[in-house]
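In order, the protein sequence lines correspond to chains A and B.
Using the working numbering, you'd call the opening residue of the first sequence number -3 and step up by one each time.
Using the working numbering, you'd call the opening residue of the second sequence number -3 and step up by one each time.
Ideal placement from N, C-alpha and C gives every residue a C-beta, glycine not left out.
This report concerns only the one structure given below.
There are 2 protein chains.
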Amino acid sequence: MQAPDMMLPHKDLVADWQTLMRVFIRPENEATKAILLKYMEQILFGLHDFLRKHVGVTQAISLEDLACRFTETIIRPTPEKKLEEVIADLIEEIAPWAVNVASPYFVGHMTSAIPFFMVHLKTIVAALNQNVVKLETSKVVSVVEKQVLGKLHRLIYHRQPDFYENHVQNTDTTLGAFVEDGTLANLTALWVARNRALAPKAGFDGVEAQGMQAAYRAYGIERAVVLISGMAHYSMYKSGGVLGIGNRNIIPIAVDENFRMRPEALAQAIRDLSAPEAKTKILAVVGIAGTTETGSVDPLATIADICADHGIHFHVDAAWGGPVLMSERYRHLLGGIDRADSVSIDGHKQFYMPMSCGMVYFRDPRIMDAIEYHASYINRPGSVDLGIKSLCGSREATSLILDSTFKIMGSRGLALLIEHGIDSARRFADMIARHPDFEVVSSPELNILTYRYCPRSLQRELAAADTRRRSKICARLNVLNRRLQRLQREAGKSFVSRTTLYRDRPAGDEMVVLRAVIMNPMTTLEVLAEILAEQEVIGRRLQADS
Amino acid sequence: MQAPDMMLPHKDLVADWQTLMRVFIRPENEATKAILLKYMEQILFGLHDFLRKHVGVTQAISLEDLACRFTETIIRPTPEKKLEEVIADLIEEIAPWAVNVASPYFVGHMTSAIPFFMVHLKTIVAALNQNVVKLETSKVVSVVEKQVLGKLHRLIYHRQPDFYENHVQNTDTTLGAFVEDGTLANLTALWVARNRALAPKAGFDGVEAQGMQAAYRAYGIERAVVLISGMAHYSMYKSGGVLGIGNRNIIPIAVDENFRMRPEALAQAIRDLSAPEAKTKILAVVGIAGTTETGSVDPLATIADICADHGIHFHVDAAWGGPVLMSERYRHLLGGIDRADSVSIDGHKQFYMPMSCGMVYFRDPRIMDAIEYHASYINRPGSVDLGIKSLCGSREATSLILDSTFKIMGSRGLALLIEHGIDSARRFADMIARHPDFEVVSSPELNILTYRYCPRSLQRELAAADTRRRSKICARLNVLNRRLQRLQREAGKSFVSRTTLYRDRPAGDEMVVLRAVIMNPMTTLEVLAEILAEQEVIGRRLQADS
């Protein structure tokens, strides 16, 4: 390709003003436009070619080898490459060593193929380059964002039409917020819950102003806690650390055989912590709609009852499971979510958006006042600036992508994807259950399941073993599954992740499991059967070697 | 345009499985590819046409009128629009009401035109859709990110080459982190500083585990504070609130006549707070390299001396000014930044990246251990997973954009942009100083300046006035400038922002000022002269009306 006139000169690359201006000024002539479009073609289809060629997860190269190639820490004064070379490098040198998350054989994490148009929508957002922290750098986009927040709020809470008429564009109230990801969504929810529980009162200006120490004194407590499922995402502990609560005060509640919070254990914990001598304030209870590791859904309605009885903030982490509300067939699985005080949902998970788009919703449109901040130059009281009630400042207009997705796919389109995932996970679980050398560990409530390789010989041994012997066999199974997962990943054809689960059992009885997340619509049952067959082969080989 | 075979049907849009699969499957035939490319052309050049047509900031429409159009809160079950219609809507219905931040006449905020190739780079990142939280969804991108962190670390700290050899790809250490924006960069820095100041010790497992109350007890303190410039960004107060310190314990230090922290005031504050009876721990001192409102740079070297004397964590908020380090001519303005324990820099500001890319760097590559988190399914100890030491979880591979920018522009290219901004701001300040009806309020240390309309008649009155009369005139000037700024914004041709400054003066002497941020290379002196001339006309009219 010839060097276009708007690009840096072909031979001796220099940084001069004229060259610089060319990359800022919009192209006026057809030739330059054609070049820019050509680059876009390379990106759209060059990357495709890569993605199509490598069905596996990544090419075989060790991390050490890769790391050796990226050790240059000096920024060169003069340009090193032309745009077309940089694009070519990204396609030819970087992409092949990236992870092909779009492969139907990539069923290990919550990242999958995304619809084609997402790339177009992201490009629009980049080209507009609005900053949603304030109206003066976003205008209509802030208004669109408030509308999208209204749509999701309605999906979750389905309050009366006049509620939405009052609040959708109300500049004083907020139905939710866009954040970077699920972690920041959960952090925002707990931040609000903390400030609400330790709110200003006579002689005390609130925890946000005076800090935790003063809050404890004002409320006569010595401890503040958050109660969560034992399967909660690590962002909950991190949030506890960040917020000054202490991650040790984020208390996991025991789960049942399918890794759902046990409501009676929650009720007991609340009773214990509510005793006057405990001097403890429960800031929030967190239920999960789709745990990261097993996709389990906590009994939200029952937890809502318990929280209502005790006046405790009820947060639901639906980062994964939230979009299930799109499906008429399966939304009942999230029954009770509309009684939560706050709900996290990730757009880059089951709304199939590109990285990354977290969101948090609040039933009470005034509750976010507890985290309101102003500045002299923006975010002044009474303005529409969305940054007034937001953890971060500058941010991208991802709401445009989500809004467009709803228009292009309809809730029914998204529902079909969700239903495919859940149905496939159930069928895959059946397939595993029927297999003599595997066992399902957590059956899929949504579209995640865990299982392990447990060859029939060891199954028989386990059945006959005493406790001590059982522990030994389990330890061996853990080693076996850890190796199996690694070997399959390294083979580069398929990717299933692994995690370690702990049931309500004697300590030490940890279980290493394989974890499948089925969200890619191209992941058919045949693909899943292939993945399992590959695991069986690896497992047998490992058994034979041991 | 005809409906392509991969898109939803033209007439009755339905959500069915076959249609869905078409938006996931990569196009194989040339016709479909051509359609996708056509859409990209619309985005690249349709938006251009808009951006070129509207030199002003936005078209004239009231916020209320806009808000009325976006009140639909129901997500329709069936698709509402085809992709091409959605793209057309975004270009024709949304973009005209967005803010044309790329206009040379938009000099009000820290958002400007970005080089053309940024849109291409963002598109690549979206198409690859890697999630940098963990190696298993990013592989080479995590390695690239570590390298970019090394490059910026070296720019700031210029430590010995073997330091970078040791750490650039070291899986145990971290030179910094990408975050969403400057607010989260500052929050991360203060989070680390807090945890370091209230670290584990005999009988205490650290503030992260046990919380603020336990930390205060363990350290025998009743208060923890952070000392900042009186001109610090509001994110500092927000961080204090989030971290459980209390935003009231984020203590502003007096600034000098050009809004730089007064070191003697800092030293005095430290002495006062260090008295045993104060029972106070100073968690950090924050200096600013480019305040948001005036672009002032605190005396970093002097502050570093003071912090070193007292063993206090020194954070520099260089979200705005950091890239000045690229310029050999002007990097001395940030002298002392290499002695900071942590530094924030924003990529979406003066590295001209699209929204949004914050970063935080730490001199000590082990200091981020203080905020380390693990999980069973990812981020296991010893892994390369970048999410181990990061505020957020899932996030976009923005490091690829920054790395590519360095390659395409060279540090010299970025330096030219920085130098243009600083030089233009100085010349604009001269132009204002020479104008009989305006006065410079803060002269530009970097490329931001503040000034106000102060007609010569009022200048004369001010000179002769007693204190009481002065206050009255100042109040009138404030009203005048507030109106002037609003009228200019509403006219839609240019945009200068406004803020309110408070000097070390008797209370109530607040000053409303116009604020110009000059970063767009297309903002010439002629453009600035036009903007000022327009303000003069508006100012005269307001004076005549009053």
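Item: How many angstroms separate the CA atom of B:R465 from the CA atom of B:A459?; Value: 10 Å
Item: Using a Cβ distance threshold of 8 Å, determine whether the segment 218 to 225 of chain B contacts the segment 177 to 197 of chain A, with at least three qualifying pairs required.; Value: no
Item: Locate the beta strand (DSSP E) running through A:V95, then write down its first and last residues.; Value: Note, A:V95: premise wrong, no beta strand (DSSP E); not H, not E.
Item: Out of B:F255, B:V164, B:A263 and B:L279, which has the shortest C-alpha to C-alpha gap to B:I217?; Value: B:L279
Item: According to DSSP, is B:G172 helix, strand or coil?; Value: strand
Item: Looking at the unbroken beta strand (DSSP E) that takes in A:D342, where does it start and where does it end?; Value: S338 to D342
Item: Give the interface partners of B:H105 over in chain A, defined as CB-CB distance under 7 Å, in chain order.; Value: E132 and T133
Item: Determine the chain A residues that contact B:E161 at a beta-carbon separation under 9 Å, and present them in chain order.; Value: T67 and T69
Item: Since A:S225 is in the beta strand (DSSP E), which residue starts that stretch and which ends it?; Value: R219 to S225
Item: Label A:L528 either buried or exposed according to how many other C-beta atoms from any shown protein chain fall within 10 Å of its C-beta, with 16 as the threshold for buried.; Value: buried
Item: From which residue to which residue does the beta strand (DSSP E) around A:T446 run?; Value: I444 to Y449
Item: From the DSSP output, in three-state form, read off A:M507 for me.; Value: strand
Item: Taking the C-alpha atoms as reference points, what is the distance between A:C64 and A:V95?; Value: 18 Å
Item: Select from B:K118, B:T287 and B:A193 the residue whose C-alpha is nearest the C-alpha of B:H306.; Value: B:A193
Item: For the alpha helix (DSSP H) that contains B:F424, what are its first and last residues?; Value: T394 to R430
Item: Taking Cβ to Cβ, would you say B:L171 is nearer than 7 Å to B:P361?; Value: yes
Item: Is B:E324 helix, strand or coil when you go by DSSP?; Value: coil
Item: Find the nearest neighbour of A:L538 within the set A:E526, A:R482, A:V356 and A:Q126, judged by alpha-carbon distance.; Value: A:R482
Item: Find out if the Cβ-Cβ distance for the pair B:M349, B:G417 is shorter than 7 Å.; Value: no
Item: With a cut-off of 7 Å, does the C-beta of A:R466 fall near any C-beta of chain B?; Value: no
Item: Going along chain A, which residues have a C-beta under 7 Å from B:D177?; Value: C388, G389, S390 and R391
Item: Bridge partners of A:D201, per DSSP?; Value: Its beta-bridge partners do not exist; DSSP assigns none.
Item: Locate the alpha helix (DSSP H) running through B:T179, then write down its first and last residues.; Value: G178 to A193
Item: With burial defined as no fewer than 16 other Cβ atoms inside 10 Å of the residue's Cβ, what is the status of A:D61: buried or exposed?; Value: exposed
Item: B:I333 touches chain A at which residues, Cβ-Cβ below 7 Å?; Value: Near B:I333 there are no residues of chain A at all, since even the closest Cβ is about 16 Å away, more than 7 Å.
Item: What is the DSSP secondary structure of B:P502, reduced to helix, strand or coil?; Value: With a pLDDT of only 45 at B:P502, under 50, the local geometry of the prediction cannot be trusted, and the value read off the model is given with reservation. Coil.
Item: For A:S542, decide whether its Cβ has a neighbour in chain B, counting only Cβ atoms nearer than 7 Å.; Value: no
Item: Whole angstroms is fine: what's the gap from A:P337's alpha carbon to B:V281's?; Value: This sequence places Asp at residue 337 of chain A; Pro is not what is there. Taking the straight line joining both Cα atoms gives about 37 Å.
Item: Evaluate contact between the segment 233 to 240 of chain A and the segment 231 to 239 of chain B, counting only Cβ atoms and requiring at least three cross-stretch pairs below 8 Å.; Value: yes
Item: Are any of the Cβ atoms in chain B nearer than 7 Å to that of A:A265?; Value: no
Item: Using the C-alpha atoms, what's the distance from B:N443 back to B:T169?; Value: 35 Å
Item: How long is the line joining the alpha carbons of A:G104 and A:L43, rounded to whole angstroms?; Value: 22 Å
Item: Assign A:N162 to one of two classes, buried (16 or more other C-beta atoms within 10 Å of its C-beta) or exposed (fewer than that).; Value: exposed
Item: Tell me whether B:V10 sits in a helix, a strand or coil according to DSSP, three-state version.; Value: coil
Item: Name the DSSP beta bridge partners of B:M351, please?; Value: None; B:M351 has no bridge partner.
Item: Would you grab the beta carbon distance between A:L497 and A:E289 for me? Rounded to a whole angstrom, and I think it's under 8 Å.; Value: 7 Å
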